[in-house]
Amino acid sequence: MEKTKKTVIVAGYQCNNQCQFCINSQKRDFPMKDSALIKKEMMSARKRGNNFLELIGGETTIRPDILDLISFAKKLGFERITMATNGRMLSYFEFSKNIIKAGLNSVIFSIHGHNARLHDYLTGVPGSFKQLLGGIHNFKKLNFKGVMGTNTTIVKQNYKYLPQIGKFVYNFGFNNSEFIFVDPSSGAPHQYFNKFVPKISKAARYIRKCLDLGEKYKIVEKREPYCYNNNWSVRYVPLCYFQEYYPDQISESREVEIYKNVEHLAPDYQDFNATKGRREIGRIKTKKCQECKLYSKCEGIWREYIKNYGDKELKPIQKK
Ligand code: SF4
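Here it is, written out as structure tokens:
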């Protein structure tokens, strides 16, 4: 399979939710990128041969120009146009209808709890769970033919519920879900590390139970090539807790197979090789890791994690 070249455009940091663990919590007042700039970025991405566009925020659906931006991307010939969203605006049926008509052919809903109590607590907005479910229902009602997925940020407040969250998501009909260990490099998880970042040694058993659902429901097909339509994976974890049992469910390993390159174009930075940046700046392998047989495959753990918790929990896998 030919690898995909992907551009992620961060359209702005403003949002209609107030997620407690937001990595952009200190950037909410940044001005949104204007339409002309986003269109220019799309055009140059196409010139570089990129065929996968992801729009993220903040929350992109609150932009008044979102329909225009998506139809512009479609006209430019992006094969895949996706959006990560809290789903609230999509609870308005006409809006969902129009965004699909404009050319959106993939969507990722952010679900941080399996019920309103947990999800709304984490998003900081009462009613956000109900609206999110309304958005999902609308996409189903509209017989959306594209790929629907979910992501869940793993924090102290929800890690024990991951098996329930996984089951909830699966029962909703999703076959494409990613569970993302919180990134403490910036924003609220950086500022309030102890409040949000769980110990990997404690969270791992719940994450594993959640990943097991991928196997149980036959979402994880042990076959090549990897594709982004069937996915049940975990992101940003050290491999020593997972690789042996879940080799097909580590997002970073899948990413290497699927994407040739992933670039991030944000209002305050541009990174034309985001994978490399994350490996070299965000994450770290400690001295202990040098003995590990997974060393070359593994990205280690977040640098901030080691600063706060040390590396006692890492468990180098013996080289045979
Ligand atoms: S390289 Fe380090 S973090 Fe990665 S699996 Fe080995 S011990 Fe764990």
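In our numbering, the protein residues as written are 378 to 697. All residues carry an ideal CB built from backbone N, CA and C; glycine is no exception. Remember, predicted model here, so these are calculated numbers, not experimental data.
The alpha helix (DSSP H) that contains residue i, what's its start and end?
| i | result |
| --- | --- |
| Ile443 | 443-453 |
| Met420 | 412-424 |
| Val546 | 539-548 |
| Asn685 | 680-686 |
| Tyr583 | 577-593 |
| Glu471 | 470-479 |
| Ile513 | 505-518 |
CB-CB under 6 Å to residue i, same chain, minus the five flanking residues each way: which ones, in chain order?
| i | result |
| --- | --- |
| Asn638 | Lys382 |
| Thr462 | Thr438 |
| Ser402 | Gly564, Ala565 |
| Ala643 | Val387 |
| Met419 | Ala450, Leu453 |
| Lys586 | Pro540 |
| Leu616 | Leu671, Cys675 |
| Tyr583 | Tyr536, Lys537, Leu539 |
| Ala422 | Thr384 |
Note the first and the last residue of the continuous beta strand (DSSP E) segment covering residue i.
| i | result |
| --- | --- |
| Ser483 | 483-487 |
| Arg494 | Element bounds for Arg494: not the beta strand (DSSP E) but the alpha helix (DSSP H), 493-500. |
| Asn571 | No beta strand (DSSP E) contains Asn571, which is instead part of the alpha helix (DSSP H) from 570-573. |
| Asn608 | 608-612 |
Quick one: is the Cβ of residue i within less than 6 Å of any heavy atom of the ligand ZN?
| i | result |
| --- | --- |
| Lys662 | Only the ligand SF4 can be found as ligands here, which leaves the ligand ZN out of the picture. |
List the residues that DSSP assigns as beta-bridge partners of residue i.
| i | result |
| --- | --- |
| Gln647 | Leu642 |
| Thr529 | Phe556 |
| Leu430 | Thr384, Ile458 |
| Arg660 | Trp679 |
| Ser630 | Note: Ser630 sits in no beta bridge, so no partner. |
| Phe390 | Note that residue 390 is Tyr in the sequence shown here, rather than Phe. None; Tyr390 has no bridge partner. |
| Val524 | Ser483 |
| Tyr623 | According to DSSP, which records beta bridges pairwise, Tyr623 is partnered with nothing at all. |
| Tyr636 | Thr381 |
Under 7 Å Cβ to Cβ from residue i, same chain only, skipping five residues before and after it: list those, please.
| i | result |
| --- | --- |
| Lys597 | The question names Lys, yet the displayed sequence has Val at residue 597. Hits under 7 Å: Gly591, Trp609, Asp625, Gln626. |
| Phe521 | Ile477 |
| Tyr672 | Lys662, Cys666 |
| His491 | Tyr538, Gln541, Ile542, Phe545 |
| Glu601 | Residue placement at Glu601 cannot be trusted, given a pLDDT of 48 that sits under 50; what the coordinates show is reported in the next sentence. So the list is empty, once near-sequence residues are dropped. |
| Ala580 | Ile531, Tyr536 |
| Asn427 | Lys382, Lys383, Thr384 |
Please return the same chain residues whose Cβ sits closer than 8 Å to the Cβ of residue i, not counting the five positions on each side in sequence.
| i | result |
| --- | --- |
| Lys697 | Lys670 |
| Gly501 | Asn394, Gln395, Cys396, Gln397 |
| Leu495 | His489, Gln534, Asn535, Tyr538 |
| Val633 | Thr652 |
| Ile433 | Val385, Ile386, Val387, Ala388, Met460, Ala461 |
Could you check whether the Cβ of residue i sits closer than 7 Å to any Cβ belonging to chain C?
| i | result |
| --- | --- |
| Leu481 | No chain C is present in this structure, which holds just one protein chain. |
Quiz item: Would you call the segment 408-423 and the segment 474-493 in contact, with 3 or more CB pairs under 8 Å?
Solution: no
Quiz item: Do the segment 677-685 and the segment 568-579 touch if we need at least three Cβ pairs shorter than 8 Å?
Solution: yes
Quiz item: Can we say the segment 464-476 touches the segment 509-519, given the rule of at least three CB pairs closer than 8 Å?
Solution: yes
Quiz prompt | Given 8 Å, three or more beta-carbon pairs between the segment 546-558 and the segment 655-663 | solution = no
Quiz item: Between the segment 393-400 and the segment 442-449, do three or more beta carbon pairs fall short of 8 Å?
Solution: Of all C-beta pairs linking the segment 393-400 to the segment 442-449, fewer than three are shorter than 8 Å, placing the two stretches out of contact.
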